[in-house]
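Numbering (our numbering), first residue to last: 147 to 403. Note that the Cβ used here is the ideal one computed from N, Cα and C, for glycine as well. These notes concern the structure reproduced below.
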């Protein structure tokens, strides 16, 4: 497996895949940290900045990390689909090992991006002088609840990219899933919708809410509060990670190349 991972690195080092991942991560950070911290609203955000990130970032994560998964999985698979590279590899190595190696390599890049995003948010909060200490327990939960849905989505994208030579299939499937997940986030009154979609779990696992904000009073009566964590569906999502992996691996092993 180590040799296969090294092979993945050598095949993709001139394709700037890591740089692309960092660019998408930076774009998400710019959007997430952009804001006016002057006036009453700015004072409220500075005082409650740590909780505000936990409230706002799941929505942005539901956009940028599925997009990152689409791009990374597609670019890694495209290397093999060109010419007869995949057929040649399958002649000298087991398909299951190839599937695993590319999955580990791509997922590693995505996980690196998530960790960079997480660290950057904390450093930005400290630089801006957010009120109070960093709530490490909450931020570790936030990291966990970002990693698991993203890994599930990446497994789906990786499988589609490896199965279909035309990467437009995987691309459009990922975009449709992302938009469906975003749509489900704006329908909190229908929680079953987001629980049916891996792309909606960024909202399902959100555990900070804002209350008291109105158009008239704005932030005068606004406050953040912790909500119950849906551990049952977190367990279901974690189990689905294994299921999607086993199904995807089996489909690729049975694929004619």
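In the three-state reduction of the DSSP assignment, residue 280 falls in the coil class.
It is roughly 25 Å from the alpha-carbon of residue 371 to the alpha-carbon of residue 211.
Residue pairing for residue 296: DSSP places it in no beta bridge. Its Cα nearest to that of residue 227, the residue 314 stands out among 289, 257 and 314. Comparing C-alpha distances from residue 323 to each of 300, 200 and 399 shows the shortest one belongs to 300. Here residue 154 is buried, its C-beta having at least 16 other C-beta atoms within 10 Å. Selection 225, 192 and 269 evaluated against residue 248 yields 225 as nearest (Cα-Cα). At the C-beta level, residue 260 and residue 218 stay beyond 8 Å of one another. For residue 371, the enclosing beta strand (DSSP E) begins and ends at 369-372. The stretch 201-211 makes no contact with the stretch 234-245, as fewer than three CB pairs between them are under 8 Å.
Each residue's CA atom was taken as its position, placing residue 148 and residue 221 some 21 Å apart.
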